[in-house]
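Enquirer: In our numbering, the protein residues as written are 5 to 544.
In this text, a Cβ means the ideal position worked out from N, Cα and C, and glycines have one as well.
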């Protein structure tokens with residue numbers, strides 16, 4: 005679920021039919037004046053083909069990631085002879101812990117990789133290297149999940165090696181993909197354009213970047229529908245057959261990445277601004293936490309010569325706004341991490357009527373694409389036409405609130421499971437379950453709204469958050485800021501690891517309810533702290 009942060013449909017290509025731009029007037033394409041920027045309606049620009057190419061490559065990688073990881077709960081939790089087929093047989097709590105620990109590593113690694121990408125290798129080269137490591141990990145996973153490897157007892161060590169390689173690869177991909185796709189739109193000036201009905205409008209870079217991230221999000225989530233064939237292959241064929249598919253798709257993505265180099269906008273590594281940024285922050289921290297003290301004139305008055313201009317300090321101020329906004333991300337990702345693993349186990353406690361217990365998660369991706377298309381192509385344009393302010397902080401707050409609602413619904417579902425026979429508070433664990441083969445008498449489709457509600461949250465929170473981080477990041481620190489964005493998600497998954505031992509019967513209603521309360525409180529605190537940011541940005 006992203007997803008990515010987490011956690012970003014070729015079959016449903018987003019378009020804004022009411023925003024088509026004409027080109028038959030003399031001043032089309034000129035820079036907009038300050039007055040025009042204030043008074044004319046803002047629209048998105050046409051999206052360059054290279055954006056779609058990077059989005060497709062990213063979507064293919066997301067196909068591999070989500071379609072592989074969705075199988076791991078069963079792969080780890082159950083054994084080959086259990087009612088639900090698995091491989092390692094390590095139990096639910098261990099499976100949940102491993103899944104969340106892996107996600108933590110994936111989202112924390114960007115803190116290390118980000119400065120390397122910005123300062124030494126460049127985003128494109130970093131992506132190439134990490135994709136190779138990723139592909140090696142998938143190959144190991146495939147090789148050690150074959151029947152002969154499982155029979156030989158080497159599936160567990162092979163899985164550990166595969167997790168390490170895949171974690172490094174995915175961590176690097178997470179770091180550079182989001183800024184790389186935004187790099188492909190290199191227009192920096194607001195320009196005049198005309199709609200086909202003659203209306204004069206302003207092409208807005210920020211709106212276009214947000215739309216590009218929406219494209220990325222939609223295509224990635226459409227690609228994650230690969231969970232459907234892989235869960236079916238896992239159930240009715242084998243795990244190794246599912247991994248053959250996902251490894252092949254990653255190989256295709258890697259090939260396109262290498263072959264498409266000449267079509268991309270590549271930002272060469274020009275050294276990272278991180279040391280200067282730390283110096284600015286240190287001066288501010290030792291001067292009453294005032295960034296004004298780090299301004300060149302202020303330092304010169306103290307007899308210090310510094311190697312930056314006023315604009316750099318202003319950039320750091322903007323970046324700090326984004327960093328503070330991201331402090332809520334651990335709680336948001338806690339909910340995602342909690343749901344990703346526990347909802348699969350939750351489905352296994354219900355009557356699945358032949359549906360794999362990990363298949364319903366794919367409904368999240370379907371809903372996300374549909375909701376995303378509605379929001380971008382109808383809701384946002386209508387609000388813009390009516391000049392109704394719906395800034396980034398309002399969007400994120402709405403996303404947080406809806407996530408709290410989804411956790412509340414998950415609590416209700418777990419309570420319904422505990423209220424159903426034959427095992428009530430101990431699904432699959434009582435004598436009446438016939439050795440764990442008879443789940444409680446409640447249909448698994450009751451769980452479906454959980455994934456749909458989460459998709460609404462992701463559209464408003466994750467897409468907006470990614471675009472906000474890119475917009476606020478200084479030019480030479482975009483991968484670093486994106487890595488911080490990812491690292492906050494990693495902290496969330498670490499929190500999910502911390503609470504995973506509580507994922508036991510009969511306490512899971514309490515667990516779901518506690519996560520709901522934390523998310524609700526975080527939403528309230530976020531709105532109180534950051535509601536003024538939209539006004540600040542509009543004044544700028």
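Quick one: residues in its chain with C-beta nearer than 8 Å to the C-beta of residue 213, no 5 flanking neighbours on either side, listed in chain order?
Expert: As a working note, residue 213 is residue 209 in the chain shown. Result list for residue 213: 186, 189, 471, 474 and 475, in chain order.
Enquirer: What does the Cβ neighbour count give for residue 308, buried or exposed, with the cut at 16 atoms within 10 Å?
Expert: For this step, residue 308 is matched to residue 304 along the chain shown. By the 10 Å Cβ count, residue 308 comes out exposed.
Enquirer: Where do the ends of the alpha helix (DSSP H) carrying residue 172 lie?
Expert: Taking the first residue of the chain shown as position 1, residue 172 is located at position 168. Residue 172 -> alpha helix (DSSP H) spans 159-187.
Enquirer: Under three-state DSSP, which class holds residue 205?
Expert: As a position in the chain shown, residue 205 is number 201, starting the count at 1. Of the three classes helix, strand and coil, the one that applies to residue 205 here is strand, per DSSP.
Enquirer: Closest by CA to residue 260, which one among 57, 455 and 53?
Expert: Numbered from 1 along the chain shown, position 256 holds the residue referred to as residue 260. Selected option, being the one with the closest Cα: 57.
Enquirer: For the segment 456-469 against the segment 60-68, do three or more pairs of beta-carbon atoms, one drawn from each stretch, fall closer than 8 Å, so that the two count as touching?
Expert: no
Enquirer: Rounded to the nearest angstrom, what separates residue 1 and residue 429 at their Cα positions?
Expert: Shown here, the chain extends from 5 to 544; a query on residue 1 therefore has no answer.
Enquirer: Are residue 457 and residue 413 close, meaning C-beta to C-beta below 7 Å?
Expert: In the chain shown, residue 457 corresponds to position 453, counting from 1. In the chain shown, residue 413 corresponds to position 409, counting from 1. Yes. Within cutoff.
Enquirer: Straight-line CA distance for residue 47 to residue 247?
Expert: Position 43 of the chain shown holds residue 47. Position 243 of the chain shown holds residue 247. Looking at the two C-alpha atoms, the distance is approximately 42 Å.
Enquirer: Would you mind giving the Cβ-Cβ distance between residue 327 and residue 488, rounded to the nearest angstrom? I have them listed as a contact below 8 Å.
Expert: Indexing the chain shown from 1 puts residue 327 at position 323. Indexing the chain shown from 1 puts residue 488 at position 484. Confirmed, Cβ separation roughly 6 Å.
Enquirer: Between the alpha carbons of residue 184 and residue 104, how many angstroms are there, rounded?
Expert: Your numbering for residue 184 matches position 180 in the chain shown. Your numbering for residue 104 matches position 100 in the chain shown. Rounded to the nearest angstrom, the two C-alpha atoms are 27 Å apart.
Enquirer: In terms of alpha-carbon separation, which member of 204, 513, 365 and 288 lies closest to residue 324?
Expert: As a working mapping, residue 324 is identified with position 320 in the chain shown. Per the Cα distances, 288.
Enquirer: In its own chain, which residues sit with a C-beta less than 7 Å from the C-beta of residue 49, not counting the 5 before and 5 after it?
Expert: Residue 49 sits at position 45 when you count from the first residue of the chain shown. Answer for residue 49: 191, 207 and 212, listed in chain order.
Enquirer: Just list the alpha helix (DSSP H) runs in the segment 271-348, keeping only unbroken ones of 4 residues or longer that don't cross its boundaries, in chain order.
Expert: Runs of the alpha helix (DSSP H) inside the segment 271-348: 278-289, 300-305 and 314-329.
Enquirer: Roughly how many angstroms lie between the CA atoms of residue 109 and residue 175, to the nearest whole one?
Expert: Stepping through the chain shown from its first residue, residue 109 is reached at position 105. Stepping through the chain shown from its first residue, residue 175 is reached at position 171. If you take the alpha carbons of residue 109 and residue 175, they lie about 7 Å apart.
Enquirer: How many Å lie between residue 89 and residue 431 at the Cα?
Expert: Sequence index remark: in the chain shown, residue 89 carries index 85 (1-based). Sequence index remark: in the chain shown, residue 431 carries index 427 (1-based). Rounded to the nearest angstrom, the two C-alpha atoms are 18 Å apart.
Enquirer: Three-state secondary structure (DSSP) at residue 25?
Expert: The residue labelled residue 25 in the question sits at position 21 within the chain shown. Low confidence applies here, because residue 25 scores a pLDDT of 49, under 50, leaving its location unreliable; read the following figure in that light. Strand, per DSSP.
Enquirer: For residue 447, which residues does DSSP report across the bridge?
Expert: One-based indexing of the chain shown puts residue 447 at position 443. According to DSSP, residue 447 bridges with 355.
Enquirer: Could you work out which residue in 242, 329 and 365 is closest to residue 230 when comparing CA atoms only?
Expert: As a working mapping, residue 230 is identified with position 226 in the chain shown. Nearest of 242, 329 and 365 to residue 230, Cα basis: 365.
Enquirer: Using 8 Å as the Cβ pair cut-off and three pairs as the minimum, do the segment 485-504 and the segment 339-348 touch?
Expert: Counting Cβ pairs under 8 Å, three or more are found: they touch.
Enquirer: State buried or exposed for residue 195, treating a residue as buried only when at least 16 other CB atoms are found within 10 Å of its CB.
Expert: Along the chain shown, one-based indexing puts residue 195 at 191. With 16 or more Cβ atoms within 10 Å of its Cβ, residue 195 is classed as buried.
Enquirer: Alpha carbon to alpha carbon, what distance is there between residue 451 and residue 357?
Expert: If you number the chain shown from 1, residue 357 lands on position 353. If you number the chain shown from 1, residue 451 lands on position 447. Going by the C-alpha atoms only, they are around 14 Å apart.
Enquirer: Does the beta-carbon of residue 31 have 16 or more other beta-carbons within 10 angstroms, so that it is buried, or is it exposed?
Expert: In the chain shown, residue 31 corresponds to position 27, counting from 1. So residue 31 ends up on the exposed side.
Enquirer: Tell me, to the nearest whole angstrom, how far the beta carbon of residue 284 is from that of residue 305; I am working on the premise that it is less than 8 Å.
Expert: Taking the first residue of the chain shown as 1, we reach residue 284 at position 280. Taking the first residue of the chain shown as 1, we reach residue 305 at position 301. That pair is no contact at about 16 Å.
Enquirer: Measure the alpha-carbon distance for residue 217 versus residue 182 and round it to whole angstroms.
Expert: Position 213 of the chain shown holds residue 217. Position 178 of the chain shown holds residue 182. Approximately 8 Å between the Cα atoms of the pair.
Enquirer: Bridge partners of residue 546, per DSSP?
Expert: Given that the chain is displayed from residue 5 to residue 544, the structure contains no residue 546 and the question cannot be resolved.
Enquirer: Does the separation of the CB atoms of residue 250 and residue 71 fall below 7 Å?
Expert: Counting from one through the chain shown, the residue named residue 250 turns up at place 246. Counting from one through the chain shown, the residue named residue 71 turns up at place 67. Yes. Within cutoff.
Enquirer: Among 149, 33, 117 and 227, which residue has its Cα nearest to the Cα of residue 62?
Expert: What you label residue 62 is simply residue 58 of the chain shown in a count that begins at 1. Closest option to residue 62, Cα to Cα, is 227.
Enquirer: Exposed or buried, residue 397, counting other C-beta atoms within 10 Å across all chains shown (16 or more means buried)?
Expert: Position 393 of the chain shown holds residue 397. Buried, since its Cβ has 16 or more Cβ neighbours within 10 Å.
Enquirer: According to the Cβ coordinates, are residue 119 and residue 392 closer than 7 Å?
Expert: Reading the chain shown from its first residue, position 115 is the one you call residue 119. Reading the chain shown from its first residue, position 388 is the one you call residue 392. Not in contact: residue 119 and residue 392 (Cβ atoms no closer than 7 Å).
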